[in-house]
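Sequence order for the protein chains is A and X.
All letters in the first sequence, in the order written, are residues 81 to 579 by this note's numbering.
All letters in the second sequence, in the order written, are residues 176 to 246 by this note's numbering.
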Amino acid sequence: MVSALGIQLGVVGAYLVVALAVGLLAYRLTSRDAEDYYLAGRSIGTVVLLFTTFATLLSAFTFFGGPDLAYRAGPEWILVMGVMDGVLFAILWYVVGYKQWLVGRAHGYVTLGEMLGDRFGSTRLRALVAGISLFWLFPYVMLQQMGAGEAIVGLTNGMVPYWAGAAGITVFMIAYVVIAGLRGVAWTDTLQGLFMLGVVWLAVGWVATAAGGPTALSNALATNEPEFLALGGGLYSPQFIISSAVTIAFGVAMFPQINQRFFVAKSSAVLKRSFALWPVLVVLLFVPAFILGTWAAGLGVTVPEGANVLPVLLNEYTPVWFAALVIAGAMAAMMSSSDSMLLSGSSYFTRDLYRPFVNPDASEAREAWLARIGVALFATLTFVASLFRPGTLVSVGDTAFGGFAQMALPVIVALYWAKTTRTGMFAGILGSQAFYLAHVFVPAIEVGSVTLFGATYLTWDYALWGMALSALLTVGVSAMTAAAPEENQSRFTDGLRAD
Amino acid sequence: MTRVRIDYRWVAVFAILVTFAVPWFLWGDSRVFAGLPLWLWWHIGWMGLTAVVFHLFTRTAWDRGIVGEGR
Numbered sequence: 081m082v083s084a085l086g087i088q089l090g091v092v093g094a095y096l097v098v099a100l101a102v103g104l105l106a107y108r109l110t111s112r113d114a115e116d117y118y119l120a121g122r123s124i125g126t127v128v129l130l131f132t133t134f135a136t137l138l139s140a141f142t143f144f145g146g147p148d149l150a151y152r153a154g155p156e157w158i159l160v161m162g163v164m165d166g167v168l169f170a171i172l173w174y175v176v177g178y179k180q181w182l183v184g185r186a187h188g189y190v191t192l193g194e195m196l197g198d199r200f201g202s203t204r205l206r207a208l209v210a211g212i213s214l215f216w217l218f219p220y221v222m223l224q225q226m227g228a229g230e231a232i233v234g235l236t237n238g239m240v241p242y243w244a245g246a247a248g249i250t251v252f253m254i255a256y257v258v259i260a261g262l263r264g265v266a267w268t269d270t271l272q273g274l275f276m277l278g279v280v281w282l283a284v285g286w287v288a289t290a291a292g293g294p295t296a297l298s299n300a301l302a303t304n305e306p307e308f309l310a311l312g313g314g315l316y317s318p319q320f321i322i323s324s325a326v327t328i329a330f331g332v333a334m335f336p337q338i339n340q341r342f343f344v345a346k347s348s349a350v351l352k353r354s355f356a357l358w359p360v361l362v363v364l365l366f367v368p369a370f371i372l373g374t375w376a377a378g379l380g381v382t383v384p385e386g387a388n389v390l391p392v393l394l395n396e397y398t399p400v401w402f403a404a405l406v407i408a409g410a411m412a413a414m415m416s417s418s419d420s421m422l423l424s425g426s427s428y429f430t431r432d433l434y435r436p437f438v439n440p441d442a443s444e445a446r447e448a449w450l451a452r453i454g455v456a457l458f459a460t461l462t463f464v465a466s467l468f469r470p471g472t473l474v475s476v477g478d479t480a481f482g483g484f485a486q487m488a489l490p491v492i493v494a495l496y497w498a499k500t501t502r503t504g505m506f507a508g509i510l511g512s513q514a515f516y517l518a519h520v521f522v523p524a525i526e527v528g529s530v531t532l533f534g535a536t537y538l539t540w541d542y543a544l545w546g547m548a549l550s551a552l553l554t555v556g557v558s559a560m561t562a563a564a565p566e567e568n569q570s571r572f573t574d575g576l577r578a579d
Numbered sequence: 176m177t178r179v180r181i182d183y184r185w186v187a188v189f190a191i192l193v194t195f196a197v198p199w200f201l202w203g204d205s206r207v208f209a210g211l212p213l214w215l216w217w218h219i220g221w222m223g224l225t226a227v228v229f230h231l232f233t234r235t236a237w238d239r240g241i242v243g244e245g246r
């Protein structure tokens, strides 16, 4: 058993060190200015853009939370992720992403807050967008640490405690962001995306062979969990599928690390290719990952308290080194997700909060130094919060996505409707955030026959109602108010040129 | 200011792609084909189709709704 533990820790450690080495290599090619540090000089090509965005989505939420959910409730989660990531997000990639790319290229924006703040002539709006983004980024970074902790527990059968896994990934994550910048993150994202795609298929093949083939596995599922094969049922109602897919897709588009990616493409050809390849990539990753979770349920695999299903299943059906390699790959992928998040978060902090409000004349060196301190502090705080385990991976992730989703419709309205006003933006963003936060934190109360602050209204998730409210407030208040003199109403519509 | 044209045919196509990525008409169906549920095969096929349609969009209608015609 000690030797198994040795192999497990050796493989995980070695993989993380290689990932760090690639980051160091990228560091040598990174110059010190902000555009290069955050946006890799706006020079990212198709493969790298696709995989860096992809690897960013390839987080603990999808890689451990997804299989866990498929294990507990059935494989329909594949459909949720497929609609949300493969189709809806791809469309937003065009509607929000391409538009932002054009606007960003014309005016040199680096963050969402900067873009909106300039259009509406308001540093307060800029700060609000950055502040809300950082607030919802917190649970999502914490989610990666929880995922790593749980993965290590599952892999080593509890011999290495949860906190050690979470602490380990925190240290790597900080080291990584502090030295590499986006070019480093993007490079390792590509390697890790390809690696994960490869090993997850190997894992499916390996488990299928060891358990007697897909037909035997579906028979086992029909015997042990018959309702898993039928579409729908249990957790999966049409309302659940639609609400989850819509809130996550819109939330993803507002995620700092994803949204900032919209500014980095080298040319529109890069955006086009990524857009068309997206659904295929989503299927290639999510189908095998979530099928593994489903199969584990059919095989009657028991998951210890506080662990993920994936490492447990792999330990049982594949060699020790392979299980460790998959987990290492997943942890490294989560690390790169977190790196992207922390990096974007730090740019929101320095550019949208620190510079405009605290020290407008800060030197580049001071800003870079401050960004790194901020990253270390943020990651340490999320690590501490992760020790309290406030929910399952999917529930924590879902809350964060919902919070970001509340900003999506006001941003889309602003991008396409020149009559949007600053007051309308504040109303839409603040109103929906207040509504959403109340539903996250205030316990449900019964008023007559109606439940207030419950999970749903008329069977639809409150996050969806919050989004509707955000659009209504933005459009309604904009229609009733006049633009302030500092607003640049034509900023997002005039002077945009295709390649 | 250049006028931006919205192409409602593409809006409709996108709406259909989103709607049927989940095979609603197979709700409750538990038929299995080659070890995977039938509804999962539909989804996989539909995502392939989506990628092809998206590719056609980038070839023929990219910029629609975003960049004005008068360029």
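A virtual CB, placed ideally from N, CA and C, is assigned to each residue, including glycine.
Contact set between residue i and chain X, taken where Cβ atoms lie within less than 8 Å
| i | result |
| --- | --- |
| Lys179 (chain A) | Ile241 |
| Pro294 (chain A) | Ala209, Gly210 and Leu211 |
| Ile321 (chain A) | Val197 |
| Pro155 (chain A) | Pro212 and Leu215 |
| Pro359 (chain A) | Met222, Gly223, Thr225, Ala226 and Phe229 |
Under 7 Å from the C-beta of residue i: neighbouring residues of chain X
| i | result |
| --- | --- |
| Lys352 (chain A) | Thr233 and Trp237 |
| Ala170 (chain A) | Phe229 |
| Thr368 (chain A) | Correcting the residue identity first, residue 368 (chain A) is Pro in this sequence and not Thr. Correct list: empty, because the minimum Cβ distance to chain X is about 11 Å. |
| Gly162 (chain A) | Ala196, His218 and Met222 |
Where residue i sits in the DSSP three-state scheme
| i | result |
| --- | --- |
| Val522 (chain A) | coil |
| Tyr397 (chain A) | helix |
| Val257 (chain A) | helix |
| Thr531 (chain A) | strand |
| Ala498 (chain A) | coil |
| Ala345 (chain A) | strand |
| Ile241 (chain X) | coil |
| Thr382 (chain A) | coil |
| Ile181 (chain X) | coil |
| Met176 (chain X) | A caution first: Met176 (chain X) carries a pLDDT of 46, below 50, which makes its placement in the model unreliable, though a value can still be read off. DSSP places Met176 (chain X) in coil when its eight states are reduced to three. |
| Ser202 (chain A) | coil |
| Ser570 (chain A) | coil |
| Met505 (chain A) | helix |
| Val227 (chain X) | helix |
| Ala94 (chain A) | helix |
| Met239 (chain A) | coil |
| Trp202 (chain X) | coil |
| Arg469 (chain A) | coil |
| Gly220 (chain X) | helix |
| Arg234 (chain X) | helix |
| Pro440 (chain A) | coil |
| Glu194 (chain A) | helix |
| Tyr292 (chain A) | Before going on, a small fix: residue 292 (chain A) reads as Gly here, not Tyr. Reduced to three states, the DSSP call for Gly292 (chain A) is coil. |
Residues bridged to residue i (per DSSP)
| i | result |
| --- | --- |
| Val207 (chain X) | X:Pro212 |
| Asp541 (chain A) | A:Thr536 |
| Gly313 (chain A) | A:Tyr316 |
Spatial distance of residue i from residue j (CA atoms)
| i | j | result |
| --- | --- | --- |
| Ala442 (chain A) | Arg341 (chain A) | 25 Å |
| Ala291 (chain A) | Val392 (chain A) | 15 Å |
| Phe200 (chain X) | Met195 (chain A) | 43 Å |
| Leu297 (chain A) | Ile249 (chain A) | 34 Å |
| Ala187 (chain X) | Ser417 (chain A) | 34 Å |
| Ala246 (chain A) | Gly373 (chain A) | 22 Å |
| Tyr183 (chain X) | Leu149 (chain A) | 37 Å |
| Phe330 (chain A) | Met547 (chain A) | 9 Å |
| Gly103 (chain A) | Thr270 (chain A) | 12 Å |
| Gly528 (chain A) | Ser323 (chain A) | 26 Å |
| Met81 (chain A) | Phe402 (chain A) | Model confidence at Met81 (chain A) stands at a pLDDT of 49, short of 50, so the residue's coordinates are unreliable and nothing is read from them. |
| Val491 (chain A) | Leu205 (chain A) | 12 Å |
| Ser83 (chain A) | Gly93 (chain A) | 15 Å |
Within chain A, the residues that residue i reaches when beta carbons sit closer than 9 Å
| i | result |
| --- | --- |
| Asp182 (chain X) | Under the 9 Å cutoff, chain A gives no residues; its nearest Cβ is about 12 Å from Asp182 (chain X). |
Chain-ordered chain A contacts of residue i [CB-CB under 7 Å]
| i | result |
| --- | --- |
| Trp202 (chain X) | Leu311 and Gly312 |
Closer than 8 Å at the beta carbon, the chain A residues around residue i
| i | result |
| --- | --- |
| Ile191 (chain X) | Under the 8 Å cutoff, chain A gives no residues; its nearest Cβ is about 10 Å from Ile191 (chain X). |
| Ala187 (chain X) | By Cβ distance, chain A contributes nothing, its closest Cβ being about 13 Å from Ala187 (chain X), past 8 Å. |
Contact set between residue i and chain C, taken where Cβ atoms lie within less than 7 Å
| i | result |
| --- | --- |
| Trp214 (chain X) | Protein chains A and X are contained in the structure displayed, whereas chain C is not. |
Partners in chain X for residue i, counting only beta-carbon separations shorter than 9 Å
| i | result |
| --- | --- |
| Leu159 (chain A) | Ala196, Val197, Pro198, Trp214, Leu215 and His218 |
Checklist entry - Does the count of Cβ pairs from the segment 482–502 of chain A and the segment 330–340 of chain A closer than 8 Å reach three? => result yes
Next on the checklist: Three Cβ pairs or more, each shorter than 8 Å: is that satisfied between the segment 207–217 of chain X and the segment 342–352 of chain A?
Outcome noted: no
Checklist entry - Taking contact to mean at least 3 C-beta pairs separated by less than 8 Å, is the segment 445–462 of chain A in contact with the segment 232–241 of chain A? => result no
Item to check | Touch test, the segment 549–567 of chain A against the segment 493–513 of chain A, Cβ-Cβ under 8 Å, three pairs minimum | outcome: yes
Next on the checklist: Under 8 Å: do the segment 162–178 of chain A and the segment 222–237 of chain X share three or more Cβ pairs, one atom per stretch?
Outcome noted: yes
Next on the checklist: Check whether the segment 218–225 of chain A and the segment 509–526 of chain A are in contact - that is, three or more C-beta pairs closer than 8 Å.
Outcome noted: no
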